[in-house]
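Right, one structure below, let's go through it.
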Amino acid sequence: DTHPFDSSIILRVKGPLEFKCLFDKTDGDYMGVTKVISKTFEALCCSIKSESCVFTLCDGPVVIWPNKDVHISPEDITPNTPCQDEQESLHKKSTKKKTKKCSGNTVVNLQLMMETTRPGAPHSAQVACLHLVEELSNQINEMKRVTLQHLKGTSILVPEPLHFLLPHPHGLVTVVYPAGVLDSQLQTARQALHQKYDLPNDTPYFRRANAYHFPNEPYRDGYLRNPHLWLTHPTLENGKVYLVQGLYSYHHYMQDRIDDNGWGCAYRSLQTICSWFQQQGYVDRSVPSHKEIQQALVDFGDKQASFVGSRQWIGSIEVQAVLNELLGVTSKILFVSQGSELASKGRELASHFITEGTPVMIGGGVLAHTILGVAWSETTGEIRYLILDPHYTGAEDLQLITEKGWCGWKGPEFWDQTAYYNLCLPQRPKVI
């Protein structure tokens, strides 16, 4: 139920469509059941193409009958007002407190309703809504196809529409999966989608974890996602910025009702890395707890049984072992004999973020951090590091975290110049 019109505007319509099937027989008559289901989906298509279909702008005054060329709106919003202008007009009121905004898509949310009385005098409607009706019809037909494909007797699997933001030029596309069917059982369907959109077969684009998360919708787990997007990039002479690819969660001290202040920084950095692999669809398992991490090291043979439940530190080598043991992910280790040498590792780190794009865990002395990117000049050698600091102990306050540097750009002086460091560089699995 979405339709992208360019790289910055997404129109999203949401609303209930009642699906009711009345079967004359319950004896497993496949043809009869199929016919009833097909007619029900066809009726839904007819309803959204009828004059009773209504779109209302969420948190706004616009009401549109897309199939009747009728709208009701204030004088400053006409049927031909471009979406960008309309969005700006709805947000003219300024706030006293200015906040930094990350670049991204603007989502115009519309509510789908069915009218019980006839609309008033006709006017010209926005062309965008006609596209939305078309996309709604296409989605219903795809839901019909998926439902019938997985029909067993009178047992129906609910069709689950998901939206995926694909690389240019595809944009946002809608895919329907049968609810309850695991991703591991949908590989054939994903392969067909990769072929349809001419996508490489070594990256998971269509797993459920990759579904597009619409702006301003909170994540249920409460963790912040990608706080670095709210930062301004440093400017270096002939420099370029190389960043983590995709989504991750910010894990830090004192979360999950665990007091790990002073000993858990590497655990938290590891959790951030695990969240990246989960949210890119490479793994199904949840982010491991401290005890699960410790148990994995015991199972791996690296620690004694008494290690579980302790407050002992771990380092880059242990992070590498846990990623392999719990996620099946391999990692490269980059050894740096003293912190002053990190300034010369720009090429290695830039190459990592281009090819792998995963968060990097770095450990030295008693401290661990997560590197999310580098700004590096190949000509001058100047470098800055994008650091996500797991030592933060406060609430999930994005503004505080970015303004106080808990997620921020750091220079070479950030590292202890005489301490040795190990960097764990996780590698992407090559899977669909």
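Here UniProt numbering is used: the first residue of the sequence shown is 1, the next is one more, and so on.
For glycine and all other residues, C-beta sits at the position ideal for the given N, C-alpha and C.
This structure is a prediction, so every number in the text was calculated from the model and none was measured.
Exercise for review: Please report the residue range of the alpha helix (DSSP H) in which residue 438 lies.
Suggested key: Limits of the chain in this structure are 1 at one end and 432 at the other, which puts residue 438 out of reach.
Review point. For Q111, which three-state DSSP category applies?
Key: Taking the sequence shown and counting its residues from 1, one reaches residue 111 at position 111. Three-state result, Q111: strand.
Exercise for review: Have a look at T418 and K410 and give me their C-alpha separation to the nearest angstrom.
Suggested key: Position 418 of the sequence shown, counted from the start, is the residue given in the question as residue 418. Position 410 of the sequence shown, counted from the start, is the residue given in the question as residue 410. Whole-angstrom Cα-Cα distance: 17 Å.
Check your understanding: Considering only residues of the same chain and omitting the five flanking positions on each side of K144, which have a CB-CB separation below 6 Å?
Key -> Mapped onto the sequence shown, residue 144 falls at position 144. Cβ within range, chain order: F41.
**Study point:** Separation of Q149 from V298, as counted between CA atoms
**Key:** Position 298 of the sequence shown, counted from the first residue, corresponds to residue 298. Position 149 of the sequence shown, counted from the first residue, corresponds to residue 149. Distance between the alpha carbons of V298 and Q149: 46 Å.
**Study point:** For M254, three-class secondary structure by DSSP
**Key:** The residue labelled residue 254 in the question sits at position 254 within the sequence shown. Residue state, collapsed to three classes: coil.
Review point. In its own chain, which residues sit with a C-beta less than 8 Å from the C-beta of I354, not counting the 5 before and 5 after it?
Key: Position 354 of the sequence shown holds residue 354. Y242, listed in sequence order.
Practice item. Output the boundary residues of the beta strand (DSSP E) element that contains L57. Key: Walking along the sequence shown from the start, residue 57 turns up at place 57. Looking at the DSSP string, the run of the beta strand (DSSP E) that includes L57 is C53 to L57.
**Study point:** In chain order, each beta strand (DSSP E) run of at least 3 residues that lies wholly inside the UniProt domain "UFSP2 second" (126-219)
**Key:** 159-166 and 171-178
Point to revise | Under 7 Å between C-beta atoms of F335 and A321 | key: Residue numbering aside, residue 335 sits at position 335 when the sequence shown is read from its first letter. Residue numbering aside, residue 321 sits at position 321 when the sequence shown is read from its first letter. Against a cut-off of 7 Å, the Cβ pair of A321 and F335 comes out as no contact.
**Study point:** Separation of Q279 from P426, as counted between CA atoms
**Key:** Counting from 1 along the sequence shown, the entry for residue 426 is found at position 426. Counting from 1 along the sequence shown, the entry for residue 279 is found at position 279. The alpha-carbon atoms of P426 and Q279 are separated by roughly 15 Å.
Practice item. Helix, strand or coil for V322, going by three-state DSSP, please let me know. Key: Translated into positions along the sequence shown, residue 322 becomes position 322. Three-state result, V322: helix.
**Study point:** Range of the contiguous alpha helix (DSSP H) that encloses R347
**Key:** Within the sequence shown, residue 347 is the residue found at index 347, counting from 1. G346 to T355 is the span of the alpha helix (DSSP H), which, as asked, contains R347.
Practice item. Compare the beta carbon distance of N105 and R12 with 7 Å and say whether it is the shorter of the two. Key: For the purposes of this step, residue 105 is identified with residue 105 of the sequence shown, where counting begins at 1. For the purposes of this step, residue 12 is identified with residue 12 of the sequence shown, where counting begins at 1. Going by C-beta atoms, N105 is not nearer than 7 Å to R12.
Review point. Excluding sequence positions up to five away, which residues of its chain have a Cβ less than 6 Å from the Cβ of A296?
Key: Along the sequence shown, one-based indexing puts residue 296 at 296. Contacts found: V322, E325 and L326.
Review point. In chain order, what residues of the same chain have a beta carbon less than 7 Å from the beta carbon of L186, not counting five sequence neighbours either side?
Key: In the sequence shown, counting from the first residue as 1, residue 186 sits at position 186. Around L186: Y177.
Point to revise | Inter-residue CB distance, T174 and Q139 (contact presumed, cutoff 8 Å) | key: Translated into positions along the sequence shown, residue 174 becomes position 174. Translated into positions along the sequence shown, residue 139 becomes position 139. Yes, they are in contact, since the Cβ atoms of T174 and Q139 sit about 6 Å apart, within 8 Å.
**Study point:** Limits of the alpha helix (DSSP H) - the one that I383 falls within
**Key:** As a position in the sequence shown, residue 383 is number 383, starting the count at 1. Element bounds for I383: not the alpha helix (DSSP H) but the beta strand (DSSP E), I383 to L388.
Check your understanding: Does the beta-carbon distance from A375 to L229 come in below 7 Å?
Key -> The count along the sequence shown starts at 1 and reaches residue 375 at position 375. The count along the sequence shown starts at 1 and reaches residue 229 at position 229. No, they are not a contact pair.
Practice item. Following the continuous beta strand (DSSP E) through A368, name the residue where it begins and the one where it ends. Key: As a first step, residue 368 is located in the sequence shown; it is residue number 368 there, counting from the start. Segment L367 to S377, the beta strand (DSSP E) holding A368.
Check your understanding: From which residue to which residue does the alpha helix (DSSP H) around F41 run?
Key -> Numbered from its first residue, the sequence shown carries residue 41 at position 41. Segment Y30 to I48, the alpha helix (DSSP H) holding F41.
Point to revise | K132 versus P169: straight-line alpha-carbon distance, rounded | key: Your numbering for residue 132 matches position 132 in the sequence shown. Your numbering for residue 169 matches position 169 in the sequence shown. Lys is not the amino acid found at residue 132; the sequence shown has Leu there. Their Cα atoms are separated by approximately 19 Å.
Check your understanding: Going by the CB atoms, is the gap between F23 and V36 shorter than 7 Å?
Key -> Reading the sequence shown from its first residue, position 36 is the one you call residue 36. Reading the sequence shown from its first residue, position 23 is the one you call residue 23. Result yes, Cβ atoms of V36 and F23 sit closer than 7 Å.
Review point. Using a Cβ-Cβ cut-off of 6 Å (strictly less than) and excluding sequence neighbours within five positions of N238, which residues of its own chain qualify?
Key: Stepping through the sequence shown from its first residue, residue 238 is reached at position 238. Answer for N238: S377 and T379, listed in chain order.
Practice item. Measure the C-alpha to C-alpha separation of residue 449 and P227 and round it to an integer number of angstroms. Key: The first residue shown for the chain is 1 and the last is 432, placing residue 449 beyond what the model contains.
Check your understanding: Can you give the Cα-Cα distance for Y212 and Q304, rounded to whole angstroms?
Key -> Residue numbering aside, residue 212 sits at position 212 when the sequence shown is read from its first letter. Residue numbering aside, residue 304 sits at position 304 when the sequence shown is read from its first letter. Approximately 42 Å, taken between the alpha carbons.
Exercise for review: Given a cut-off of 7 Å, decide if L423 and V329 are closer than it, judged by their beta-carbon atoms.
Suggested key: Mapped onto the sequence shown, residue 329 falls at position 329. Mapped onto the sequence shown, residue 423 falls at position 423. Cβ atoms of V329 and L423: not closer than 7 Å.
Practice item. Can you have a look at Y30 and say buried or exposed, based on whether 16 or more other CB atoms are within 10 angstroms of its CB? Key: Position 30 of the sequence shown, counted from the start, is the residue given in the question as residue 30. Flag for Y30 reads exposed.
Practice item. With distances taken Cα to Cα, identify the nearest neighbour of L17 among P61, E356, V107 and E115. Key: Translated into the one-based positions of the sequence shown, residue 17 becomes position 17. Among P61, E356, V107 and E115, the Cα nearest to that of L17 belongs to E115.
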